[in-house]
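Asks: The listed protein sequences derive, respectively, from chains V and H.
Under the working numbering, think of the first position of the first sequence as 81, with each following residue one higher.
Under the working numbering, think of the first position of the second sequence as 56, with each following residue one higher.
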Amino acid sequence: MKKLISVIVVSVFTLGLMVTSLNAGEKKLIIQGSTTVLPIAQKCAEVFMKKHPEANISVRGGGSGVGIAALIDGICDIADSSRPMKDKEIKKALEKGVNPVAHVIAMDGIAVIVHPSNPVNEITLSQLKEIYTGKISNWKQLGGKNQKIVVISRDVSSGTFECFNKLVLKKERVRPDALLQASNAAVVSIVKRTEGAIGYVGLGYLNSEVKALKIEGVFPSQETVLKGTYPISRPLFMYTNGKPKGLVKKFIDFVLSKEGQKIVKGQGFVPLK
Amino acid sequence: MRKVKENLIKGFFCLFALLSIIFLLGIVIVLFKEGLPIFKITSFKKFLFGKLWYPTYEPPEFGILPLILGSFLVTFGALVISVPLGVASAIYISEIASPKIKEFIKPVIELLAGIPSVVYGFFGMVVVAPQVAKIFNLAVGLNAFTASLILGIMAIPTITSISEDAISAVPKRFKEASYALGANKWETIMKVTLPAAGGGITTAVILGTARVIGETMTVLMVAGGAPVIPHSFFEPVRTMTATIAAEMGETVVGSPHFHALFAIAIVLFLITLSFNILADILSQRFRKRLK
Numbered sequence: 081m082k083k084l085i086s087v088i089v090v091s092v093f094t095l096g097l098m099v100t101s102l103n104a105g106e107k108k109l110i111i112q113g114s115t116t117v118l119p120i121a122q123k124c125a126e127v128f129m130k131k132h133p134e135a136n137i138s139v140r141g142g143g144s145g146v147g148i149a150a151l152i153d154g155i156c157d158i159a160d161s162s163r164p165m166k167d168k169e170i171k172k173a174l175e176k177g178v179n180p181v182a183h184v185i186a187m188d189g190i191a192v193i194v195h196p197s198n199p200v201n202e203i204t205l206s207q208l209k210e211i212y213t214g215k216i217s218n219w220k221q222l223g224g225k226n227q228k229i230v231v232i233s234r235d236v237s238s239g240t241f242e243c244f245n246k247l248v249l250k251k252e253r254v255r256p257d258a259l260l261q262a263s264n265a266a267v268v269s270i271v272k273r274t275e276g277a278i279g280y281v282g283l284g285y286l287n288s289e290v291k292a293l294k295i296e297g298v299f300p301s302q303e304t305v306l307k308g309t310y311p312i313s314r315p316l317f318m319y320t321n322g323k324p325k326g327l328v329k330k331f332i333d334f335v336l337s338k339e340g341q342k343i344v345k346g347q348g349f350v351p352l353k
Numbered sequence: 056m057r058k059v060k061e062n063l064i065k066g067f068f069c070l071f072a073l074l075s076i077i078f079l080l081g082i083v084i085v086l087f088k089e090g091l092p093i094f095k096i097t098s099f100k101k102f103l104f105g106k107l108w109y110p111t112y113e114p115p116e117f118g119i120l121p122l123i124l125g126s127f128l129v130t131f132g133a134l135v136i137s138v139p140l141g142v143a144s145a146i147y148i149s150e151i152a153s154p155k156i157k158e159f160i161k162p163v164i165e166l167l168a169g170i171p172s173v174v175y176g177f178f179g180m181v182v183v184a185p186q187v188a189k190i191f192n193l194a195v196g197l198n199a200f201t202a203s204l205i206l207g208i209m210a211i212p213t214i215t216s217i218s219e220d221a222i223s224a225v226p227k228r229f230k231e232a233s234y235a236l237g238a239n240k241w242e243t244i245m246k247v248t249l250p251a252a253g254g255g256i257t258t259a260v261i262l263g264t265a266r267v268i269g270e271t272m273t274v275l276m277v278a279g280g281a282p283v284i285p286h287s288f289f290e291p292v293r294t295m296t297a298t299i300a301a302e303m304g305e306t307v308v309g310s311p312h313f314h315a316l317f318a319i320a321i322v323l324f325l326i327t328l329s330f331n332i333l334a335d336i337l338s339q340r341f342r343k344r345l346k
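1. Mind listing the chain V neighbours of T306 of chain H? Cutoff is C-beta to C-beta under 7 Å, in chain order.
2. So for G224 of chain V, helix, strand or coil by DSSP?
3. Confirm, please, whether the CB-CB distance from G179 of chain H to T273 of chain H is below 8 Å.
4. Is P110 of chain H close to chain V, meaning its C-beta is less than 8 Å from at least one C-beta of that chain?
5. Any chance you could list the beta strand (DSSP E) runs of at least 3 consecutive residues sitting entirely within the segment 134 to 211 of chain V, in chain order?
6. Roughly how many angstroms lie between the CA atoms of S329 of chain H and N264 of chain V, to the nearest whole one?
7. Going by other Cβ atoms of all chains shown within 10 Å of its Cβ, with 16 needed for buried, is K291 of chain V buried or exposed?
8. The beta strand (DSSP E) spanning V135 of chain H covers which residue range?
9. Which class does E116 of chain H belong to by DSSP, given the choice of helix, strand or coil?
10. What do you get for L118 of chain V, buried or exposed, if any count of 16 or more other CB atoms within 10 angstroms of its CB means buried?
11. Exposed or buried, what is S310 of chain H when buried is set at 16 or more other beta-carbons lying within 10 Å of its beta-carbon?
12. Here's the rule I'm using: 16 or more other beta-carbon atoms within 10 Å means buried, otherwise exposed. How should I229 of chain V be labelled?
13. Along chain V, which residues have their Cβ under 8 Å away from the Cβ of H312 of chain H?
14. In chain order, what residues of the same chain lie with their CB nearer than 8 Å to the CB of N103 of chain V, ignoring the 5 residues before and after it?
15. Quick check: G141 of chain H and I119 of chain H, are their CB atoms within less than 8 Å of each other?
16. Which chain V residues are close to P282 of chain H, counting only those with a beta carbon under 8 Å from its beta carbon?
17. To the nearest whole angstrom, what separates the beta carbons of A315 of chain H and F117 of chain H, a pair I think is in contact under 8 Å?
18. Where does T115 of chain V fall in DSSP's three states?
19. Under a three-way DSSP split, which group does F78 of chain H fall into?
20. Going by DSSP, what residues sit across from W108 of chain H in a beta bridge?
21. Using the C-alpha atoms, what's the distance from K240 of chain H back to S153 of chain H?
22. Does the beta carbon of G214 of chain V come closer than 8 Å to any beta carbon on chain H?
23. Please determine if the segment 153 to 162 of chain V and the segment 255 to 273 of chain V are in contact, where contact requires at least 3 C-beta pairs separated by less than 8 Å.
24. Compile a chain-ordered list of the residues in the segment 151 to 171 of chain V whose CB is closer than 7 Å to at least one CB of chain H.
25. Go ahead and pull the three-state DSSP assignment for Q261 of chain V.
26. Given a threshold of 16 other Cβ atoms within 10 Å of its Cβ, counted over all protein chains shown, does A72 of chain H qualify as buried or as exposed?
27. Please classify V305 of chain V: is it buried, with 16 or more other beta-carbons within 10 angstroms of its beta-carbon, or exposed?
28. Given a threshold of 16 other Cβ atoms within 10 Å of its Cβ, counted over all protein chains shown, does V173 of chain H qualify as buried or as exposed?
29. For the ligand HEM, is there any heavy atom lying closer than 7 Å to the beta carbon of G239 of chain V?
30. List, in chain order, every chain H residue whose beta-carbon is nearer than 9 Å to that of A173 of chain V.
31. Just verifying my parser: in three-state terms, what is the DSSP assignment at K307 of chain V?
32. When DSSP builds the beta bridges, which residues end up paired with Y280 of chain V?
33. Measuring CB atoms only, is the segment 190 to 199 of chain V touching the segment 270 to 287 of chain V, in the sense that at least three cross pairs come out at less than 8 Å?
34. Ignore the nearest five residues each way along the sequence and tell me which others in V267 of chain V's own chain have a CB closer than 6 Å to its CB.
35. Just grab the DSSP bridge partners of P315 of chain V for me.
36. Measure the alpha-carbon distance for R342 of chain H versus L249 of chain V and round it to whole angstroms.
Listed below in structure tokens is the structure:
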């Protein structure tokens, strides 16, 4: 019995220590979610904290789904998301008394990339769809070399895939032997080393080691995405619980300000103005 | 007073010992709580033997057969590489190498285990995969073969160190008897030492298998990630672990896809659990036999 009591005493004591350390620091802001939005949130938080030394912002990744779930559970103040919230998530939030409000903070274009040695420069949306669904499987069919197309896609739960799926595949199934990669960086890394490869990544991940294709005659760039002429683009979101107040409002306002949008551009995304 | 203090300290350590059991229990409960709801949507048979994994489409397909086969194929390939290499290294270290060489090689092999798997994955993606593509004239080098190669190397430390323990545990009198009967070193190793250490080596192989099948980051980066039923080693595959890691972050919490990922984790958990139990039984039997 004595043993049991001492066990309980010790464990309660340890727990108490943990709880008090969690409550330290008053002006705390937790941002969590999409890995696509992560660089924007991180850089903005960095600059924001320099201007407001009393604020303590912690930024975490994890993915859009994780961020939204954290917002619903009240674990974070702002959820980054590269996709709009699903009906099911909104329903769940309302049930828990959380009223999610969306803030579009930037636009992102999805560029289609190939190996630099590939002679093909241009592609139409319907050709792109046929490549990803398996109807076109050789570059010869597009006026390129006689070479098998290695189709590289993102994981089917990623926000980038969801946008590509909606705008290009029109919800048709991607061919099952497509290489599904977990990040934009991985797609770039494979495409630059594989001659027959085709992949798609966010605008911020374009570099000189891969070649971006014109789609329907339009080259992906910040200007064409902003003008709306480039066909594959999407908004990026930050979600808050109800209309933002206090520190949350200050931060969202900062992201949407001229200075914040400059950071958006600096990270390779498309600013709203 | 002294007794109270002693009890307090005892309780403190007891708490820590109990913690890992509590954690394990918690993990198992969460796994089943979050995983089982998927079987309200799809049948057990359709889940395990379905050939299509399209979790985010309308209507979704939750067939994990390609993922199970992907995991098994990569694991099998890795064992083909790591078992001969691992066991041979163990024999060399414990039976042949001079103490000086042994002192050098053993820590080096154990160092292999200390390299983070993301480093292995990066090495595989950047260095090994392009070479594999060139040598075998493939369009892309990210496939089951490359993944097996890397995972095989990763499993060597596990297999070597446990096998080495087993070989070293063979009583000296066995070998002395063999030499006394006129057997040479090779015959003694092959016909006396190895059979005597057989149970321990089997344990090593099983634990190595469990290590490989549970490996995530490396296969995520190197195996290609296509959820198709593989027909050869040179096709891209997607394993159960890679699927969970890649898809969990973005999925809607509480959706069928979310539950399906947990159900994959249950399958994986049951597989590694049975490997561990098997290894435990075998090593116990082995110890009894040597006595």
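By construction, the Cβ of each residue, glycine as well, lies at the ideal position given by its N, Cα and C atoms.
Small disclaimer: the values here were computed from a predicted structure and weren't measured.
Replies: In terms of the structure at hand:
1. Counted from its first residue, the second sequence places residue 306 of chain H at position 251. The contacting residues are G145, S237.
2. Here residue 224 of chain V refers to the residue found at position 144 of the first sequence. If DSSP states are grouped into helix, strand and coil, G224 of chain V belongs with coil.
3. Against the second sequence, residue 273 of chain H aligns to sequence position 218. Against the second sequence, residue 179 of chain H aligns to sequence position 124. Closer than 8 Å, so yes.
4. As a position in the second sequence, residue 110 of chain H is number 55, starting the count at 1. It does; some Cβ of chain V falls within 8 Å.
5. If we require 3 residues or more, the beta strand (DSSP E) runs fully inside the segment 134 to 211 of chain V come out as 136 to 142, 158 to 161, 180 to 194.
6. Mapped onto the second sequence, residue 329 of chain H falls at position 274. Mapped onto the first sequence, residue 264 of chain V falls at position 184. Taking the straight line joining both Cα atoms gives about 37 Å.
7. Reading the first sequence from its first residue, position 211 is the one you call residue 291 of chain V. K291 of chain V comes out buried.
8. Sequence index remark: in the second sequence, residue 135 of chain H carries index 80 (1-based). Premise fails: V135 of chain H lies in the alpha helix (DSSP H), 120 to 146, not in any beta strand (DSSP E).
9. Numbered from its first residue, the second sequence carries residue 116 of chain H at position 61. In this structure, E116 of chain H counts as strand in the three-state DSSP scheme.
10. By 1-based counting over the first sequence, the position of residue 118 of chain V is 38. L118 of chain V comes out buried.
11. Translated into the one-based positions of the second sequence, residue 310 of chain H becomes position 255. S310 of chain H is buried by the Cβ-count criterion.
12. For the purposes of this step, residue 229 of chain V is taken as residue 149 along the first sequence, with counting starting at 1. With 16 or more other Cβ atoms within 10 Å, it is buried.
13. The sequence position of residue 312 of chain H within the second sequence is 257, counting from 1. Correct list: S237.
14. As a working mapping, residue 103 of chain V is identified with position 23 in the first sequence. Because the pLDDT at N103 of chain V is just 45, under 50, the model does not fix this residue reliably, and the point stays unresolved.
15. On the second sequence, residue 141 of chain H is found 86 positions in, with the first residue counted as 1. On the second sequence, residue 119 of chain H is found 64 positions in, with the first residue counted as 1. The criterion of a C-beta distance shorter than 8 Å is not satisfied by G141 of chain H and I119 of chain H.
16. Numbered from 1 along the second sequence, position 227 holds the residue referred to as residue 282 of chain H. Within 8 Å Cβ-Cβ: P256, L260.
17. On the second sequence, residue 315 of chain H is found 260 positions in, with the first residue counted as 1. On the second sequence, residue 117 of chain H is found 62 positions in, with the first residue counted as 1. Yes, they are in contact, since the Cβ atoms of A315 of chain H and F117 of chain H sit about 5 Å apart, within 8 Å.
18. Here residue 115 of chain V corresponds to residue number 35 of the first sequence, with the count starting at 1. It is coil, neither helix nor strand.
19. In the second sequence, the residue the question calls residue 78 of chain H occupies position 23. Here F78 of chain H sits in helix by DSSP.
20. Position 53 of the second sequence holds residue 108 of chain H. W108 of chain H pairs with H:F117.
21. As a first step, residue 153 of chain H is located in the second sequence; it is residue number 98 there, counting from the start. As a first step, residue 240 of chain H is located in the second sequence; it is residue number 185 there, counting from the start. Taking the straight line joining both Cα atoms gives about 14 Å.
22. Taking the first sequence and counting its residues from 1, one reaches residue 214 of chain V at position 134. By this cut-off, G214 of chain V is not an interface position.
23. Of all C-beta pairs linking the segment 153 to 162 of chain V to the segment 255 to 273 of chain V, fewer than three are shorter than 8 Å, placing the two stretches out of contact.
24. Going along the segment 151 to 171 of chain V in chain order, one finds K166, K168, E169 with a Cβ nearer than 7 Å to chain H.
25. Taking the first residue of the first sequence as 1, we reach residue 261 of chain V at position 181. Strand.
26. As a position in the second sequence, residue 72 of chain H is number 17, starting the count at 1. Exposed, because fewer than 16 other Cβ atoms sit within 10 Å of the Cβ of A72 of chain H.
27. For this step, residue 305 of chain V is matched to residue 225 along the first sequence. Buried, by the Cβ-count rule.
28. In the second sequence, residue 173 of chain H corresponds to position 118, counting from 1. V173 of chain H should be labelled exposed.
29. What this structure holds is no ligand at all, so the ligand HEM is not there to describe.
30. Residue mapping note: residue 173 of chain V aligns to position 93 of the first sequence, counting from 1. The premise fails here: A173 of chain V is roughly 11 Å from chain H at the closest Cβ pair, so nothing lies under 9 Å.
31. Mapped onto the first sequence, residue 307 of chain V falls at position 227. The answer is helix: DSSP assigns K307 of chain V an H, G or I state.
32. For the purposes of this step, residue 280 of chain V is taken as the residue at position 200 of the first sequence. Beta-bridge annotation (DSSP): Y280 of chain V is paired with V:V192.
33. yes
34. Taking the first sequence and counting its residues from 1, one reaches residue 267 of chain V at position 187. I232, Q261, G279, V281.
35. For the purposes of this step, residue 315 of chain V is taken as residue 235 along the first sequence, with counting starting at 1. Note: P315 of chain V sits in a beta bridge opposite V:M187.
36. What you label residue 342 of chain H is simply residue 287 of the second sequence in a count that begins at 1. What you label residue 249 of chain V is simply residue 169 of the first sequence in a count that begins at 1. Distance between the alpha carbons of R342 of chain H and L249 of chain V is about 60 Å.
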